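Q: For the sequence shown, position 78 matches number 297 in the working numbering, and the numbering has no gaps at all.
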Amino acid sequence: MRNFALGMLFALAVLLGGGYWVLKRGYVNLSADQKPGAMEDHFAMTAVDASLERRVIQRANPVAATDDNLVAGARLYLDHCAGCHGVPLNPDSSFARSFYPPVPEFFSDPPDMSENQNFYIIQHGVRWTGMPAWNGTLTEPQIWQIVTFLSHIQKLPPAVQSVFGPETPTPPAMPMTMPMPMPH
Ligand code: HEC
220 MRNFALGMLF ALAVLLGGGY WVLKRGYVNL SADQKPGAME DHFAMTAVDA
270 SLERRVIQRA NPVAATDDNL VAGARLYLDH CAGCHGVPLN PDSSFARSFY
320 PPVPEFFSDP PDMSENQNFY IIQHGVRWTG MPAWNGTLTE PQIWQIVTFL
370 SHIQKLPPAV QSVFGPETPT PPAMPMTMPM PMPH
């Protein structure tokens, strides 16, 4: 029995040591343009979901979906989030797809989690992804305004849509002409 336990311990040490060696020698490619294996993908997703599930606080959204709050949320989104999560005129950018995991583009793929889950993710970010923690930059009321905006992203009133500019793309600027050299 004692030998069996020692054998198990030895096997475990070899496995852990081997795993560490593989990582330390750089055999696992951690570039953002490489797709991870099914196992890494599964474990990472499970861990992120479970961590969120354990920590999320259930409470009522204190921000009503009035035009004023939605406009405020849209402005905050435009300033802080749209560069990654997209705008109506560019709802699916190659920039967003260059991340691993890719950035969800909210105007083509609206957030499908609860408001409390969105609030937690925005406050704390997601480690090992491009999603930053915003609790040092945005106040709780501001984060609730963004959460409310995200919940209504598929049916924004016109006042809120106008935060993102006119519906039709603006015509390209006049081509730059070379300044004529001044005669001496
Ligand atoms: C630098 C790029 C970047 C910026 C800026 C950014 N995010 Fe993210 N965000 C990400 C990435 C990448 C993910 C995917 C994380 C994952 O897959 O676990 C993400 C995930 C999320 C999610 C979870 C969505 C889901 O359904 O899984 C929410 C909600 C979110 N971001 C909101 C915001 C808000 C609100 C802001 C602005 C205050 C913001 N993000 C700014 C990159 C960014």
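Here a beta-carbon is modelled for each residue, glycine too, at the ideal position from N, C-alpha and C. Bear in mind that the values here come from a model prediction, so they are computed numbers and not experimental data.
Between ASP331 and the ligand HEC, is the CB less than 7 Å from at least one heavy atom?
A: Correct: ASP331 has its Cβ closer than 7 Å to the ligand HEC.
Q: Identify every residue that forms a DSSP beta bridge with MET306.
A: According to the sequence shown, residue 306 is Val rather than Met. VAL306 pairs with ASN309.
Q: For the alpha helix (DSSP H) containing PHE325, name the first residue and the last one.
A: Note, PHE325: premise wrong, no alpha helix (DSSP H); not H, not E.
Q: If you pair each beta-carbon of the region 239–259 with each one of the region 322–329, do three or more pairs fall below 8 Å?
A: The region 239–259 is not in contact with the region 322–329.
Q: May I ask which residues mark the beginning and end of the alpha helix (DSSP H) holding TRP347?
A: Unbroken run through TRP347: none, as it is neither H nor E.
Q: Return the CA-CA distance between VAL345 and PRO281, expressed in angstroms with no decimal places.
A: Each residue's Cα considered, the two are about 24 Å apart.
Q: Among the residues of its own chain, which have a CB less than 6 Å from the CB of PRO376, if the five just before and after it don't count?
A: So the list reads ASP286, once near-sequence residues are dropped.
Q: Tell me whether ASN354 sits in a helix, a strand or coil according to DSSP, three-state version.
A: ASN354: coil per DSSP, three-state reduction.
Q: Suppose contacts are defined by Cβ-Cβ distances below 8 Å. Is GLY355 in contact with CYS303 by that definition?
A: In this structure, CYS303 does not lie closer than 8 Å to GLY355 by Cβ.
Q: In or out: PHE223 buried (at least 16 other Cβ within 10 Å) or exposed?
A: So PHE223 counts as exposed.
Q: Quick check on the DSSP output: the alpha helix (DSSP H) that includes PRO330 runs from which residue to which?
A: Segment: none, PRO330 is in no alpha helix (DSSP H) and carries neither H nor E.
Q: Hey, how far is the Cα of GLY384 from the Cα of LEU295?
A: Cα to Cα, GLY384 sits roughly 15 Å from LEU295.
Q: I need the DSSP call for ALA283, collapsed to helix, strand or coil.
A: DSSP places ALA283 in coil when its eight states are reduced to three.
Q: Taking a contact to mean a Cβ-Cβ separation below 8 Å, would you say LEU364 touches PRO329 in this structure?
A: Rather than Leu, the amino acid found at residue 364 in this sequence is Gln. It is not a contact, given that the beta carbons lie outside the stated cut-off.
Q: So GLU334 and VAL379 are supposed to be a Cβ contact under 8 Å. How far apart are they, rounded?
A: 17 Å between Cβ atoms; not a contact.
Q: Would you kindly check if the distance between the Cβ of HIS343 and the Cβ of ALA284 is under 8 Å?
A: In this structure, HIS343 does not lie closer than 8 Å to ALA284 by Cβ.
Q: Tell me, please, whether the CB atom of LEU308 is closer than 8 Å to any CB atom in chain B?
A: Looking for chain B here will not work: only one protein chain is present.
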